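Here's the structure we're looking at; comments come further down.
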Amino acid sequence: MRHRRTSIGPTIPSREISPEPSYVARRQVMTGAAVFAAAGAVELGARRAFSATVPAPDLAALTYRKGPLGTDEAQTPLKDVTSYNNFYEFGTDKGDPGQTAHTLKVRPWTVTCEGEIGKPQVLDIDTLLKLFPLEERVYRLRCVEAWSMVIPWVGFPLASLIKKLEPTSKAKFLAFTTLHAPDQMPGQRRPVLDWPYVEGLRMDEGLHPLTLLAVGLYGKSLPNQCGAPLRLVVPWKYGYKSIKSIVKLRFVEKQPPTSWNLSAPNEYGFYSNVNPDVDHPRWSQARERRIGEFIRRKTLPFNGYADQVASLYAGMDLRANY
Amino acid sequence: MAAAEKEAGGKSRLLKRGVGLLAMIPAGVIVFRFFTDGLGANPIATALNQLGLWTLILLLASLTCTPLKIVLGWKWPLKVRKMLGLCAFFYVCLHFAVYIGVDQFPPTVDEIYKDILKRKFITVGFFAFLLLIPLAITSSSKMVKRLGFTRWKRLHRLVYVAAAAGVVHFIWRVKADLFEPLIYAGVLALLLAIRLVAHLRDRRAGVAKPVS
Chain A
3 MRHRRTSIGP TIPSREISPE PSYVARRQVM TGAAVFAAAG AVELGARRAF SATVPAPDLA
63 ALTYRKGPLG TDEAQTPLKD VTSYNNFYEF GTDKGDPGQT AHTLKVRPWT VTCEGEIGKP
123 QVLDIDTLLK LFPLEERVYR LRCVEAWSMV IPWVGFPLAS LIKKLEPTSK AKFLAFTTLH
183 APDQMPGQRR PVLDWPYVEG LRMDEGLHPL TLLAVGLYGK SLPNQCGAPL RLVVPWKYGY
243 KSIKSIVKLR FVEKQPPTSW NLSAPNEYGF YSNVNPDVDH PRWSQARERR IGEFIRRKTL
303 PFNGYADQVA SLYAGMDLRA NY
Chain B
7 MAAAEKEAGG KSRLLKRGVG LLAMIPAGVI VFRFFTDGLG ANPIATALNQ LGLWTLILLL
67 ASLTCTPLKI VLGWKWPLKV RKMLGLCAFF YVCLHFAVYI GVDQFPPTVD EIYKDILKRK
127 FITVGFFAFL LLIPLAITSS SKMVKRLGFT RWKRLHRLVY VAAAAGVVHF IWRVKADLFE
187 PLIYAGVLAL LLAIRLVAHL RDRRAGVAKP VS
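Line by line, the protein sequences give chains A and B. In terms of the working numbering, the first sequence opens at residue 3 and continues consecutively. In terms of the working numbering, the second sequence opens at residue 7 and continues consecutively.
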């Protein structure tokens, strides 16, 4: 009824009048097209209005050599490495750190080294940067959320620093602490985790040649959202073990508390080795999405570093020690 | 049909269509962004999350219509309630389709089966999706007549269960920050509380007719 016209202008031959169903279907298709066009217009306008609100900072180029133990897999684009981050100190959305981490002040910066060591000291970051030759390590990074990246880090082995600090026989574990500064880290203004963020490693894990203290990626200083100015990289463990923006390294006798384990002990253990056979209680760890790829790939035991690190856990029940 | 009634019918049709079209825009934006590198480093996860969020938003919007009538006396939202519910169903279908057809691609029966049965957040989300299917099927006025209003109404109370399951699905999904899902939980609780208060008030007043 509502389609009835009282007068049709020029007479249309009946063969050119579409039957009702095709007429309705065509109208729906056109409405759909109009919605998408409108959405596209809204989207392009929004992008123009809000894009590039935070200009990328100029990061210092680093002098380094190519290091061993890297992978030759395709590297995740810098844009993705710097815009998709879990760094809850700057917000819980993965896009947040890239937007808000510019408030972090990375100079002056000191790292307090203390506990069971012969040479406790407060190291200035610029002193620390000159202590050891920097090298590039291209590592896979596997997040506990079942996505992964390949990142060319620049840094030095944690073992070099440990040896320099002369641990005593009582030093069995390493306890790391992230900066606690709610004025610089807006995410710390809400009690999402028990701030400051803390992580830990067993001494042999810390001394392993794969374990890196990173100060840069893609040849330049670390962007703030990636854990500037100093972060840990332990490539065979889930990403949250690789603590960011470190201000303290304490050598201890007993296994130290770790932030995600405190938050949800049944979901995140102390070891947190990448293990496709032990699922997170809420999702499978058997497969992962490599950022930039469409089809999920199989997750490898110890994130593909089993040959180097599996022996560290010989005889241990990896289901119980997840 | 009197001319005034006809005009009112035309207006409410326009209102319904307008709401339906507006509700399609987020889907349009998500699809547009998906194909123009606008969803960030992990577009599949982002699309999946946003489609889920819009399902909840539209479902809660459909549940807001009756409380608006109860509290403010507005009647027009009731005219778009069905449209909002159907739009929510459209989004949950997209959400589910992206999960099965894109996120889990290539989907294997074994993996999906395990996901749905073993992961409680997926179990509850799938449960919510299943509950919405009969509601979408019986949304037409023809189906109201066929079922009889009382039975139809009883069936459509499932929407409260579905909405609650949807919110639980979101709460169980997040890692540590419950702020956002709890906003949805709070809104749902408020909407249900308004209905409950109105229901109790009507019963005390001796009005047998339940609030719609």
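By construction, the Cβ of each residue, glycine as well, lies at the ideal position given by its N, Cα and C atoms. Given the structure is predicted, the values throughout are model-derived calculations rather than measurements.
For residue i and residue j, I'd like the C-alpha separation in whole angstroms.
{"i": "B/Val-35", "j": "A/Tyr-242", "result": "32 Å"}
{"i": "B/Leu-161", "j": "A/Val-152", "result": "51 Å"}
{"i": "B/Ser-68", "j": "B/Val-37", "result": "24 Å"}
{"i": "A/Asn-305", "j": "B/Arg-152", "result": "58 Å"}
{"i": "A/Arg-67", "j": "A/Lys-107", "result": "27 Å"}
{"i": "B/Asp-184", "j": "A/Leu-131", "result": "In the sequence as presented, Asp is not what sits at residue 184 of chain B; that position holds Leu. Taking the straight line joining both Cα atoms gives about 39 Å."}
{"i": "A/Ala-216", "j": "B/Leu-100", "result": "41 Å"}
{"i": "B/Phe-132", "j": "A/Trp-285", "result": "15 Å"}
{"i": "A/Pro-154", "j": "A/Ala-103", "result": "21 Å"}
{"i": "B/Asp-208", "j": "B/Leu-194", "result": "21 Å"}
{"i": "A/Tyr-324", "j": "A/Gly-271", "result": "5 Å"}
{"i": "A/Gly-229", "j": "A/Ala-308", "result": "26 Å"}
{"i": "B/Lys-159", "j": "A/Leu-234", "result": "58 Å"}
{"i": "A/Ala-161", "j": "A/Gly-117", "result": "16 Å"}
{"i": "B/Arg-125", "j": "B/Trp-178", "result": "10 Å"}
{"i": "B/Gly-24", "j": "A/Arg-321", "result": "55 Å"}
{"i": "A/Thr-301", "j": "A/Cys-145", "result": "11 Å"}
{"i": "B/Ile-143", "j": "A/Met-32", "result": "25 Å"}
{"i": "A/Ile-297", "j": "B/Leu-90", "result": "34 Å"}
{"i": "A/Asn-226", "j": "A/Ala-62", "result": "12 Å"}
{"i": "A/Leu-181", "j": "A/Pro-198", "result": "7 Å"}
{"i": "A/Gln-190", "j": "A/Lys-174", "result": "30 Å"}
{"i": "B/Leu-64", "j": "A/Arg-289", "result": "32 Å"}
{"i": "A/Glu-255", "j": "B/Ala-94", "result": "55 Å"}
{"i": "A/Gly-34", "j": "A/Arg-109", "result": "53 Å"}
{"i": "A/Ser-247", "j": "B/Arg-163", "result": "51 Å"}
Which bits of chain A does residue i rub up against, with CB to CB less than 7 Å?
{"i": "B/Met-4", "result": "Because chain B here runs from 7 to 218, residue 4 of chain B falls outside it and cannot be looked at."}
{"i": "B/Asp-183", "result": "Thr-94, Val-194"}
{"i": "B/Gly-46", "result": "Ser-85, Tyr-86, Gly-97"}
{"i": "B/Val-104", "result": "Within chain A, no residue comes near B/Val-104; the closest Cβ sits about 12 Å away, beyond 7 Å."}
One question on the structure: do residue i and residue j come within less than 9 Å of each other, judged by their Cβ atoms?
{"i": "A/Tyr-86", "j": "B/Asn-55", "result": "no"}
{"i": "A/Leu-195", "j": "A/Val-236", "result": "no"}
{"i": "A/Asp-82", "j": "A/Ile-293", "result": "yes"}
{"i": "A/Asp-185", "j": "A/Thr-112", "result": "no"}
{"i": "A/Thr-260", "j": "A/Val-200", "result": "yes"}
{"i": "A/Val-276", "j": "A/Trp-238", "result": "yes"}
{"i": "A/Asn-88", "j": "A/Glu-137", "result": "no"}
{"i": "B/Thr-70", "j": "B/Tyr-97", "result": "no"}
{"i": "A/Pro-169", "j": "A/Ile-119", "result": "yes"}
{"i": "B/Leu-138", "j": "B/Val-165", "result": "yes"}
{"i": "B/Ala-53", "j": "B/Val-86", "result": "no"}
{"i": "A/Arg-139", "j": "A/Leu-214", "result": "yes"}
{"i": "A/Gly-97", "j": "B/Gly-212", "result": "no"}
{"i": "A/Leu-209", "j": "A/Ile-245", "result": "no"}
Using DSSP's beta-bridge definition, name the partner residues of residue i.
{"i": "A/Val-113", "result": "A/Leu-125"}
{"i": "A/Pro-261", "result": "First, the residue type needs correcting, since residue 261 of chain A is Ser and not Pro in the sequence shown. Partner(s): none; A/Ser-261 has no beta bridge."}
{"i": "A/Thr-179", "result": "A/Val-200, A/Lys-250"}
{"i": "A/Arg-291", "result": "A/Trp-149"}
{"i": "A/Glu-138", "result": "A/Lys-68, A/Val-156"}
{"i": "A/Pro-169", "result": "A/Ile-119"}
{"i": "A/Trp-285", "result": "A/His-282"}
{"i": "A/Gly-218", "result": "A/Val-156, A/Ser-223"}
{"i": "A/Asn-275", "result": "A/Lys-239"}
State yes or no: is the C-beta of residue i nearer than 8 Å to some heavy atom of the ligand ATP?
{"i": "B/His-205", "result": "Annotation note on the ligand ATP: not contained in the displayed structure, which lists no ligands."}
Could you work out which residues of chain B lie near residue i, taking near to mean beta carbons separated by less than 9 Å?
{"i": "A/Ser-286", "result": "Glu-117, Lys-120, Asp-121, Lys-124, Arg-125"}
{"i": "A/Glu-45", "result": "Gly-34, Val-35, Phe-38, Arg-39, Thr-42, Gly-44"}
{"i": "A/Asp-279", "result": "The contacting residues do not exist; A/Asp-279 stays about 13 Å from chain B at best."}
{"i": "A/Ser-265", "result": "Lys-181, Ala-182"}
Show which residues of chain B have a CB atom less than 8 Å away from the CB atom of residue i.
{"i": "A/Ile-297", "result": "Phe-111, Pro-112"}
Counting only Cβ pairs nearer than 8 Å, list the residues of chain A close to residue i.
{"i": "B/Gly-172", "result": "The premise fails here: B/Gly-172 is roughly 16 Å from chain A at the closest Cβ pair, so nothing lies under 8 Å."}
{"i": "B/Ile-50", "result": "Arg-291, Phe-296"}
List, in order along the chain, the chain A residues whose C-beta lies closer than 9 Å to that of residue i?
{"i": "B/Leu-27", "result": "Thr-33, Ala-36, Val-37, Ala-40"}
{"i": "B/Trp-178", "result": "Arg-284"}
Subject >> Unbroken stretches of the alpha helix (DSSP H), 4 residues or longer, contained in the region 94 to 158 of chain B >> reply: Within the region 94 to 158 of chain B, the complete alpha helix (DSSP H) runs of at least 4 residues fall at 115 to 124, 126 to 143, 147 to 153.
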